[in-house]
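Worksheet: the structure to be examined is printed underneath.
In the numbering used here, the protein residues as written are 33 to 116.
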């Protein structure tokens, strides 16, 4: 995820349903919300099982990024954890 600092992440479980029409959505194993160095906003990265980036979206706030993840994967917003 480049030079971006991981703020929080969530692991997708089998109970979550995807709302995206993208074929990559079937491969999403987790989401990471990251803050880029010296840039405003946050990126939401959808990742595979090895945390390799599949896609990303930019958001003004962490809450906006979590809302996008929830849209893509029902129930995921409750699973976000702070990165250590």
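C-beta atoms are modelled at their ideal positions from N, C-alpha and C, and glycine is treated no differently.
Since the structure is predicted, the reported quantities are computational estimates derived from the model, not experimental observations.
### Message
For residue 89, which residues in the same chain have their Cβ closer than 6 angstroms to its Cβ, ignoring the five residues on either side in sequence?
### Response
Within the chain shown, the letter at position 57 stands for residue 89. Same-chain partners within the cutoff: 76 and 100.
#### Entry: Close beta carbons around residue 113, own chain, < 8 angstroms, minus the five adjacent residues each side
Residue numbering aside, residue 113 sits at position 81 when the chain shown is read from its first letter. Excluding positions up to five away in sequence, the list reads 40, 41 and 42.
### Coil, strand or helix - residue 95 by DSSP
For the purposes of this step, residue 95 is taken as the residue at position 63 of the chain shown. Note: residue 95 maps to helix in three-state DSSP.
### Message
Which same chain residues end up closer than 7 angstroms to residue 92 when comparing Cβ atoms and leaving out the 5 residues on each side of it in sequence?
### Response
Within the chain shown, the letter at position 60 stands for residue 92. Answer for residue 92: 73, listed in chain order.
### Message
Suppose contacts are defined by Cβ-Cβ distances below 8 angstroms. Is residue 45 in contact with residue 69 by that definition?
### Response
As a working mapping, residue 45 is identified with position 13 in the chain shown. As a working mapping, residue 69 is identified with position 37 in the chain shown. In this structure, residue 69 does not lie closer than 8 angstroms to residue 45 by Cβ.
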